[in-house]
Structure formats: structure tokens, C-alpha cells
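Just below is one structure, and these are the notes that go with it.
Numbering (our numbering), first residue to last: 832 to 1059.
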């Protein structure tokens, strides 16, 4: 059936697939524009609808490249977008952002938080740093369907940047405390080795994070250029 319609439409210079996609988008946009205001009192439902809208846009683009977006409604009204971000900050998925980032502090204070997980030719992988990176990448997946680069930046600033800054602050504090222990007083050799080892592990975590940020930011720019 699809082939017959397309073949007939081609005889009249009609983009049947494009017309079909735009018809779906128009119907879904009307429905979304009507329902979203009713969902403001129910943030969970509102956010679920937003996720489904982004998924809808993604699937439509696979069918018809260059198709319009129903998610544009979200970008034109900051109320919906702000609800989405606030819900993401409050949900259990991002425990890092709750109660003074207790989850982040837990990760960095675990017994093996500063142990070596792996070693490559580029950097040494530290346990706590790898955990933070995993969460940042999961959050990126949540807003990867957003077409508006300014909204992507807002999502990054409000959900990911604070996690990165808090982790780096913890490392800076640990390094500062460690440096204060290097006083000109008699200390045993084993204790000196321990402190030097800890210092090196903190530096390895910083190096790992810096390398990952460069790679991750470059990938995000390339993905945006390719998709949009």
C-alpha cells in the first residue's frame, strides 16, 4: 500500500511521506498544546509526556528527514521546560542533587573511591571519577533529543555542571588537606608514601575527568551538527 501511494504521488510531484509526517506532527502538536497546560499540576505526567514527545520527534525524523518538531512547543514556553528540569532534579534518578549531594559524598568517601579501575595509554581510571562520568552520560541521554542548543545548555548548567563542580571541589579539598599534612616534622616513611600515593590518585582523577570532558564536549558538538 505504501509503495502504491508513493508511486501515485510521484506522478503528481507530491512528497507523500513528507505530507504524512507533517500531518502526524500537526495532529500531535494540537493535542500536546491542548493537554500540557492541564498537566502542570502533575509534574510526573508532564515530564513523561515531554519524554514521549522527544521520542516521537526522533522516530519521525527517521521516517522523514527534515520533518518539523512537536517539541517546539516546549521551547516556546519555558514553564514546561522548567518543570521538566525541576522534576529531573527531584527524581531519585539524580540522587546526586538531593540533600546536599549526599550521594556524591558517599561515592567519594567509599573505601575504594580512589582506587585504580583501569589503565590506558591516555589516562588512569579512578573509581569515583568513573562513577561520576557514568551519571553525567546518563543525564545527557535524557536530553539528547532536544534540538534547541540553548535548551541543551540550560539542561547542562542546571543538572550536570553542579555535579562536576562539586566533584572537583571535593578533589581540591582533599588535595589541600593532604598538602597541609606535609609539615616539617618527623614522620615515618610509610606514612609519607601513603600521602604521596593519595596525592597521585587525586591527580589521576583530575586528569581522567579533564580528558573525558574534552572528548564528551567534542562529541556533543559533532552530534548536534550531524543531527540538526
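Heads up, the beta-carbon is just placed ideally off N, CA and C, and yes, glycines get one too.
Sub-7 Å separation of residue i and residue j beta-carbons
| i | j | result |
| --- | --- | --- |
| residue 954 | residue 1038 | yes |
| residue 916 | residue 989 | yes |
| residue 1025 | residue 1012 | no |
Distance between beta carbons of residue j and residue i, contact taken as under 8 Å
| i | j | result |
| --- | --- | --- |
| residue 985 | residue 967 | About 16 Å separates the two Cβ atoms, so there is no contact after all. |
| residue 856 | residue 881 | Actually they are not in contact, since the Cβ atoms of residue 856 and residue 881 sit about 16 Å apart, beyond 8 Å. |
Cut-off 8 Å between Cβ atoms - residues of its own chain near residue i, not counting five sequence neighbours on either side
| i | result |
| --- | --- |
| residue 914 | 871, 874, 877 and 878 |
| residue 976 | 885, 886, 888, 889 and 902 |
| residue 930 | Interpretation of residue 930 is limited by its pLDDT of 44, a score under 50 that renders its predicted location unreliable; the figure taken from the coordinates is listed afterwards. Taken in chain order, the list of residues that qualify is empty. |
| residue 858 | none |
| residue 1009 | 1026, 1029, 1030 and 1033 |
| residue 863 | 880, 884, 901 and 904 |
Reference residue i, options the options, closest by Cα
| i | options | result |
| --- | --- | --- |
| residue 897 | 863, 940, 849 and 861 | 849 |
| residue 964 | 951, 1041, 1005 and 910 | 1041 |
| residue 911 | 894, 950 and 865 | 865 |
| residue 941 | 949, 1008 and 959 | 959 |
| residue 1032 | 949, 908 and 971 | 949 |
| residue 983 | 951, 909 and 1009 | 909 |
| residue 970 | 981, 951 and 994 | 994 |
| residue 1005 | 867, 987 and 944 | 944 |
| residue 939 | 997, 981 and 987 | 997 |
Neighbourhood of residue i by C-beta, 7 Å cutoff - its chain only, sequence neighbours within 5 removed
| i | result |
| --- | --- |
| residue 860 | 901 and 904 |
| residue 895 | 848, 849 and 852 |
| residue 961 | 948 |
| residue 1022 | none |
| residue 854 | none |
Same chain, Cβ closer than 6 Å to residue i, five either side skipped, listed in chain order
| i | result |
| --- | --- |
| residue 1047 | none |
| residue 946 | 958 |
| residue 893 | none |
| residue 846 | none |
- prompt: Does the region 883-893 come within contact of the region 902-915, defined as at least 3 CB pairs closer than 8 Å?
  reply: yes
query: Does the region 1031-1046 touch the region 944-964, meaning 3 or more C-beta pairs lie closer than 8 Å?
result: yes
query: For the 8 Å Cβ check, are there 3 or more pairs between the region 992-1007 and the region 932-951?
result: yes
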